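Trainee:
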């Protein structure tokens, strides 16, 4: 009797690490170059900025990561902007976060916004275990306290160029429309880390930092492991929301922007089902397998240095699972 071949290969594929985040805290862990010590501040004194930073960051890293109205209210008081976006996503998806510890050591104010107008911003750095973080604190008005706007681990080996001296303050702005240089850098970076890779790599941005390298490496690994069973794609795009930009002392800027990463897996006729292993992904998907396609979205905070001359680059980045759809 002849044996009839089935139209689908009954192979169960385990989703690789990439679809659970690109490994912030592992791929980015290590002893990083500290941001430049030269700092500035005019909207508040350096002593006041340091005191405020210690209090706000301590409150923010300790705030509840649980769901529920009371917990949501507590987060809204301590967090804002990019940091709130990321933590809310982690609470919803039950994903691990870029910050794995409440420990904060070596806190140092790098800059504060120039002038007495509002909103005001403070840029600081600290270390948690072996990861260097960049923090941005923002106060929207005279009657509103500072909140933690961004809390982002630095990419391995990254450093921040010098900002204006503390007594001068650094020009800074909070905006929903980043400057053209920043949006161009973000678009070029997205092209540079996309999978499949673009035929022509962008020349105006570097993708050699630890975060970008991890994205590219994991994308290749994912595609290789899926083989002929499914097609894998990865893309990045600027997201709606506020960004914060500090001018650098030598020209250019350091800007924290919201981005969204989208991973898609499309099954071929050779795939019977795709088995989901990551708990957070199973939670947002409300399923443990898909048969035809899977789309996963992550919220990202990316800190770009766009210099007056030379290539733009990523100096800090975070990535948290937000949502998923499958069928």
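Numbering (the working numbering), first residue to last: 1101 to 1427. Don't be surprised by glycine CBs; every beta carbon is placed ideally from N, CA and C. Predicted, not measured: the structure shown is a model, and the values here were computed from it.
Which residues in the same chain have their Cβ closer than 6 Å to the Cβ of residue 1351, if we skip the five residues on either side of it in sequence?
Mentor: The residues are 1408.
Trainee: For the alpha helix (DSSP H) containing residue 1155, list its first residue and its last residue.
Mentor: Start and end: 1146–1162.
Trainee: Is it right to say residue 1342 is buried, meaning 16 or more other beta carbons lie within 10 angstroms of its own, or is it exposed?
Mentor: Counting Cβ neighbours within 10 Å, residue 1342 comes out buried, since at least 16 surround it.
Trainee: Got a sec? Which residues, its chain only, sit under 7 Å from residue 1133 by beta carbon, not counting five neighbours each side?
Mentor: With a pLDDT of 38 at residue 1133, under the threshold of 50, the predicted position of this residue should be treated as unreliable, though the coordinate-derived value follows. Taken in chain order, the residues that qualify are 1257, 1258, 1259.
Trainee: Measure how close the beta-carbons of residue 1237 and residue 1156 come, nearest whole angstrom, since I'm counting them as under 8 Å.
Mentor: Between residue 1156 and residue 1237 the Cβ distance is about 5 Å, and since that is below 8 Å, they are a contact.
Trainee: If you draw a straight line from the C-alpha of residue 1166 to the C-alpha of residue 1191, how long is it?
Mentor: Answer to the nearest angstrom: the Cα atoms are 6 Å apart.
Trainee: Based on Cα-Cα distance, which residue from 1270, 1235, 1355, 1326 lies nearest to residue 1184?
Mentor: Among 1270, 1235, 1355, 1326, the Cα nearest to that of residue 1184 is on 1235.
Trainee: Take residue 1278 and list the residues in its own chain whose beta-carbon comes closer than 7 Å to its own, dropping the five residues that flank it on each side.
Mentor: Result list for residue 1278: 1343, 1345, 1355, 1357, in chain order.
Trainee: Given 6 Å as the limit, tell me if residue 1254 has its C-beta closer than that to any heavy atom belonging to the ligand ZN.
Mentor: Among the ligands in the structure shown, none appear at all, so the ligand ZN cannot be discussed.
Trainee: Three or more C-beta pairs under 8 Å: does that hold for the stretch 1358–1376 against the stretch 1393–1402?
Mentor: Yes, they touch.
Trainee: Assuming residue 1272 contacts residue 1214 (C-beta within less than 8 Å), just tell me the rounded distance between them.
Mentor: Correct: roughly 7 Å between the Cβ atoms.
Trainee: Using C-beta distances below 6 Å, list every residue in its chain close to residue 1379, excluding the 5 sequence neighbours before and after it, in chain order.
Mentor: Cβ neighbours of residue 1379 beyond the five flanking positions: none.
Trainee: Three Cβ pairs or more, each shorter than 8 Å: is that satisfied between the stretch 1278–1287 and the stretch 1315–1324?
Mentor: Result no; under three Cβ-Cβ pairs closer than 8 Å.
Trainee: Between 1153, 1216, 1163, 1161, which has its C-alpha nearest residue 1225's C-alpha?
Mentor: Of 1153, 1216, 1163, 1161, the residue nearest in Cα terms is 1153.
Trainee: Using C-beta distances below 6 Å, list every residue in its chain close to residue 1383, excluding the 5 sequence neighbours before and after it, in chain order.
Mentor: Cβ within range, chain order: 1194.
Trainee: Could you check how far apart the C-beta atoms of residue 1414 and residue 1404 are, in whole angstroms? I think they sit under 8 Å.
Mentor: Their Cβ separation, rounded to whole angstroms, is 6 Å, which keeps residue 1414 and residue 1404 in contact under 8 Å.
Trainee: Note down, in chain order, each residue of its chain lying with its Cβ closer than 7 Å to the Cβ of residue 1204, except the 5 sequence neighbours on either side.
Mentor: So the list reads 1157, 1158, 1161, 1226, 1228, once near-sequence residues are dropped.
Trainee: Terminal residues of the continuous beta strand (DSSP E) containing residue 1357?
Mentor: Per DSSP, residue 1357 belongs to the beta strand (DSSP E) from 1352–1367.
Trainee: Helix or strand or just coil, what does DSSP make of residue 1341?
Mentor: In the structure shown, residue 1341 sits in coil (DSSP, three-state: anything other than H, G, I, E or B).
Trainee: The beta strand (DSSP E) with residue 1404 in it runs from where to where?
Mentor: 1393–1407 is the span of the beta strand (DSSP E), which, as asked, contains residue 1404.
Trainee: Could you tell me the distance, in whole angstroms, from the CA atom of residue 1423 to the CA atom of residue 1388?
Mentor: Taking the straight line joining both Cα atoms gives about 14 Å.
Trainee: Could you tell me if residue 1336 is buried or exposed, where buried requires 16 or more neighbouring beta carbons within 10 angstroms of its beta carbon?
Mentor: With 16 or more Cβ atoms within 10 Å of its Cβ, residue 1336 is classed as buried.
Trainee: Excluding the 5 residues preceding and the 5 following residue 1252 in the sequence, name in chain order all residues of the same chain whose CB lies nearer than 6 Å to its CB.
Mentor: Once the five neighbours on either side are set aside, the close Cβ partners of residue 1252 are 1234, 1401, 1403, 1416, 1418.
Trainee: State the DSSP-derived secondary structure class of residue 1410, mapped to helix, strand or coil.
Mentor: Looking at residue 1410 - three-state DSSP - the assignment turns out to be coil, as it is neither helix nor strand.
Trainee: Name the residue from 1242, 1218, 1207, 1348 whose alpha carbon lies nearest to the alpha carbon of residue 1232.
Mentor: Comparing Cα positions, the closest option is 1207.
Trainee: Can you say whether residue 1316 is buried or exposed, counting buried as having 16 or more other CB atoms within 10 angstroms of its CB?
Mentor: Buried, since its Cβ has 16 or more Cβ neighbours within 10 Å.
Trainee: In whole angstroms, what separates the C-alpha of residue 1368 from that of residue 1374?
Mentor: Each residue's alpha carbon lies about 11 Å from the other.
Trainee: If distances are taken between C-alpha atoms only, which option among 1312, 1282, 1300, 1285 comes closest to residue 1293?
Mentor: Closest option to residue 1293, Cα to Cα, is 1312.
Trainee: Decide if residue 1412 is buried, meaning its Cβ has at least 16 other Cβ atoms within 10 Å, or exposed.
Mentor: Buried: at least 16 other Cβ atoms inside 10 Å.
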